[in-house]
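**Q**
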Amino acid sequence: MTRLKEDWIRDIEMGMKEYERELVGKTGITLLDLAAKSNGIHPDRIREAAKSYKVAAVPVKAGEGVIGTFSQSVAAILHHLGFQVIITESTDVDGIYEAWQSKAHCIFLADDQRFLGIHPSKNQISDNNIATAKGYITALEQVAGSLARRKVLVLGYGLVGKRMVRLLLEKEAQPVVYDIDPVKTADLAPDMVLKDRESMKDYPLLLDVTNQGGWVCEEMLHPEFWMAAPGVPLSLSDELYRKYEHRVIHDLLQIGTAVMMGELCK
Ligand code: PYL
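Residue numbering for the sequence shown is 102 to 367, as defined by my numbering.
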């Protein structure tokens, strides 16, 4: 996944209520409901856990360093689900130690390669790539109905795209994959690969995990399309996103982080 920038995520904490209103408006369910549905659990499992779990968000300096407001954004999303969340003063390994000293049940932390939620006493770990794949497929089902026996176009065949294809096959959907680099899709059966992106317009159901930004033009969109897009930056231009925002589910951290917490509540 693209490395986030502080500019992109600085408004997440203040914008959680507006974010939820928009999500409910599009999908009919709240972020907590989506986190539960994505994990096949009742929302009350999350509500009950929120009463007792203490969560620590641990900033990580390793690699390219801390992203401004990243830990604060993760904490705000988990707090929005009802959890008590602290952000450790210390970072990295010392931050994990501080979380343990604070008797945190769950720890959320990310380096440049991986964003994890960990619940040590339950021996559970949640990977943001998997949670994002589950959460966005569930969101697409919410707006488009069951995906079984329906073609779903996955744009971008990286870690999350690959996980999405696996989940779609488990749901007996018919994933078709487009990637700008044909080498990435070389091992897929020919009928699972979209060769020319202009024929995107034949696919009303889109999962967009690309990271080019602004490459989709209006002519490439099916008139009745729905797009669930964890990809950063978004493949629609700002103008096209403004025009079709009601048909696009997109955020930078919320769905993935909430679904991670849902996994730790299973
Ligand atoms: C987890 C996000 C989703 C999209 N891209 C992923 C990303 O930006 N990963 C890097 C996260 C680094 C966080 C930094 C900090 O502030 O603790 N180490």
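Ideal placement from N, C-alpha and C gives every residue a C-beta, glycine not left out.
1. Within the same chain, show all residues whose beta-carbon is closer than 6 Å to that of Met117, passing over the 5 residues directly before and after it, in chain order.
2. Taking 8 Å as the threshold, find out whether the segment 137 to 144 comes into contact with the segment 200 to 211 through three or more Cβ pairs.
3. Using the beta-carbon count (16 or more within 10 Å), is His220 buried or exposed?
4. Have a look at Thr233 and Thr358 and give me their C-alpha separation to the nearest angstrom.
5. Please report the distance separating the alpha-carbon of Asp282 from that of Met102.
6. Taking the C-alpha atoms as reference points, what is the distance between Val253 and Leu308?
7. Using 6 Å as the cut-off, classify the Cβ of Pro334 as near or not near the heavy atoms of the ligand PYL, replying yes or no.
8. Rounding to the nearest angstrom, what Cα-Cα distance links Val159 and Phe209 in this structure?
9. For the ligand PYL, is there any heavy atom lying closer than 6 Å to the beta carbon of Pro221?
10. When you compare the CB positions of Asp213 and Glu165, do they come within less than 7 Å of one another, or not?
11. Is Asp112 helix, strand or coil by DSSP?
12. Just to check, is the beta-carbon of Ile281 closer than 6 Å to a non-hydrogen atom of the ligand PYL?
13. Does Tyr198 pass the burial test, meaning 16 or more other C-beta atoms within 10 Å, or should it be called exposed?
14. Select from Thr192, Met265 and Val360 the residue whose C-alpha is nearest the C-alpha of Ala163.
**A** Here's the rundown:
1. Ala177 and His181
2. no
3. buried
4. 8 Å
5. 16 Å
6. 7 Å
7. no
8. 6 Å
9. no
10. yes
11. coil
12. no
13. exposed
14. Thr192
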